[in-house]
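Okay, so here's the structure we're looking at.
There are 2 protein chains.
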Amino acid sequence: MPKLGMQPIRKEALVKATIVEIGRAGSLDVTVAQIARRAGMSTALAHHYFGGKEAIFLAAMRHILSIYGAEVRGALAVAKTPEARLDAIILASFSAANFRREVISAWLNFYVLARTVPGAQQLLSVYQRRLHSNLLAALRPIAGAKAVPLAHAMGALIDGVYLRAVLRDGPPDGQAAIEMLRRYVAAELEGRPE
Amino acid sequence: MPKLGMQPIRKEALVKATIVEIGRAGSLDVTVAQIARRAGMSTALAHHYFGGKEAIFLAAMRHILSIYGAEVRGALAVAKTPEARLDAIILASFSAANFRREVISAWLNFYVLARTVPGAQQLLSVYQRRLHSNLLAALRPIAGAKAVPLAHAMGALIDGVYLRAVLRDGPPDGQAAIEMLRRYVAAELEGRPE
DNA sequence: AAGTTTATTGACTCGTCAATCAACAAAAAA
DNA sequence: TTTTTTGTTGATTGACGAGTCAATAAACTT
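Residue numbers (numbering that gives the first Met the number 0), protein chains in the order written: chain A, 0 to 193; chain B, 0 to 193.
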């Protein structure tokens, strides 16, 4: 009963299964068999479509990154003032879609993956640069000379909040994270604009 | 040529070798054989002294945590004002001993380990609670009601800076990290003390 | 109708690795 | 001196997992 045009469907199923399995395992110690089983196919098929485990991981990473990117882009498009743009980035970073256990766990493990796999390292660098330039663009008009260090600090703070969310038991508290970021921005901007 | 009293010596060698190997590999995908070889002994001996791989990892984690803890304690002991205590924590967090590639890499991977191994989870929780209460004690007199959220944010920021240091190629820049933390504290405290 | 491309899997290979064990050696205790 | 404790390793076991392959079948092409 083989139907044609399965490739994209299978690939997507594998990518989603990978994220779920990494979330469950809490690490990259996930077998191709586990991923394939969850995606409802044999391991051979997974290899057939992706060629290897590393490619599956990279595709999963690309998937998460692209969802996040799309959300940020969408939110920025409707934001008119620099303040609104800054807030849009913060909100997107901790939205229900991104700030979920599974996704956070995957994120953490992609950092680990980036230490070994050049492709992962590169993907993560792209994400960081994009975040930084988005932050900078929003901050420049309202933070003056402070913009650059502030953007760096915000990036690190966002990553840190993600990291800490991994350890907690319950569901991650996106609202608290958003308030933490907003409070910091407010504190920095409230002083003299230099 | 077996000498007596080897146990502590062997254990320490294994712990140090573990940290080095995790740093090299950039992940927990490190074999007992690699660790044992670097520590100058057979894999059987490593198992003999620790009983298993997990115990070796936990010992390595305890080692890093205890060095960090000792450094913070030492710095706090000589700091007399709340401001000095706060700065002492910041300085210790990014000291040359702690803010090194190997150690940072180990740190990141211990976060991953904590998702799977209850013992690791517990160790990390202890560290986080201690850091939080140290920060809180220093902040309370100078930050008033802001102290609690500020302590949380600083903890997250420190972790975030660590996380980002992992990705960069060159040696981590402790000085820049210290300045980022100081600027953060300054910005938050500069407003009305509420 | 014959041939080609796409989908799919069970079975297999090959390597790796944690853990165990039997055996040997030296010091300490008896 | 015999026995026990401590240190040490090479060799082996047993499990698991990534990747390959041959085989089967449905759909599309000519």
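Glycine is no exception: its CB is placed at the ideal position from the N, C-alpha and C atoms.
For residue i, which residues in the same chain have their Cβ closer than 6 Å to its Cβ, ignoring the five residues on either side in sequence?
i, result
"ALA176 of chain A", "PHE93 and VAL160"
"HIS62 of chain A", "VAL14"
"ASN133 of chain A", "ILE88"
"ARG84 of chain A", "LEU75, ALA78 and ALA137"
"ALA91 of chain B", "GLU70, VAL71 and ALA74"
"PRO81 of chain A", "ALA137, PRO140 and ILE141"
"ALA164 of chain A", "ILE103 and PRO171"
For residue i, which residues from the same chain have a beta carbon less than 7 Å from its beta carbon, with the 5 sequence-adjacent residues on both sides left out?
i, result
"ARG9 of chain B", "MET40, LEU44 and TYR48"
"GLY25 of chain B", "SER104"
"ALA96 of chain B", "ILE66 and GLU70"
"THR42 of chain A", "VAL31, ALA32 and ALA35"
"ARG114 of chain A", "none"
"ASN108 of chain B", "ILE21, SER26 and LEU27"
Are the CB atoms of residue j and residue i within a distance shorter than 8 Å?
i, j, result
"ILE157 of chain A", "LEU188 of chain A", "no"
"ALA38 of chain B", "ALA16 of chain B", "yes"
"LEU27 of chain B", "VAL111 of chain B", "yes"
"PRO148 of chain B", "MET179 of chain A", "yes"
"GLU53 of chain B", "ILE34 of chain B", "no"
"LEU162 of chain B", "LEU166 of chain A", "no"
"LEU130 of chain B", "GLY154 of chain B", "yes"
"ALA119 of chain B", "LEU57 of chain B", "yes"
"ALA152 of chain A", "LEU135 of chain A", "no"
For a test of the three-state rule: what should DSSP assign to residue i, helix, strand or coil?
i, result
"VAL116 of chain A", "coil"
"LEU27 of chain B", "coil"
"ASN108 of chain A", "helix"
"PRO140 of chain B", "helix"
"LYS79 of chain A", "coil"
"ARG167 of chain A", "coil"
"MET40 of chain B", "coil"
"ASN133 of chain B", "helix"
"GLY50 of chain B", "coil"
"GLY4 of chain A", "coil"
"ASP172 of chain B", "coil"
"ARG84 of chain B", "helix"
"ALA95 of chain B", "coil"
Less than 8 Å between C-beta atoms, sequence neighbours within five positions excluded: which residues of the same chain meet that for residue i?
i, result
"ILE55 of chain A", "LEU13, VAL14, THR17, VAL31, ILE34, ALA45 and PHE49"
"GLN6 of chain B", "TYR48"
"ASP86 of chain A", "ALA78 and ARG181"
"TRP106 of chain A", "ILE63 and TYR161"
"VAL116 of chain A", "GLU53, PHE56 and LEU57"
"GLY68 of chain A", "TYR126 and ARG129"
Could you name the residues of the region 106-118 of chain B whose beta carbon sits closer than 9 Å to any beta carbon of chain A, in the order they occur along the chain?
-> From the region 106-118 of chain B, only LEU107, ASN108, TYR110, VAL111, LEU112, ALA113, ARG114 and THR115 have a Cβ closer than 9 Å to chain A.
Could you tell me whether the region 164-172 of chain A touches the region 94-101 of chain A, using the rule of 3 or more Cβ pairs below 8 Å?
-> Enough Cβ pairs lie closer than 8 Å, so yes.
With 7 Å as the C-beta to C-beta threshold (strictly closer), list the residues of the region 166-182 of chain B near chain A in chain order.
-> When CB distances to chain A are screened at a threshold of 7 Å, the residues of the region 166-182 of chain B falling below it are LEU166, MET179 and ARG182, in chain order.
At a Cβ cut of 8 Å, what residues of the region 61-94 of chain A count as close to chain B, listed as they run along the chain?
-> Residues are counted here when their Cβ sits less than 8 Å from a Cβ of chain B; for the region 61-94 of chain A the count is zero.
For the region 142-158 of chain A, which residues have a beta carbon sitting closer than 9 Å to at least one beta carbon of chain B?
-> For the region 142-158 of chain A, which is checked against every Cβ of chain B, the residues closer than 9 Å are LYS145, PRO148, LEU149, HIS151, ALA152, GLY154, ALA155, LEU156, ILE157 and ASP158.
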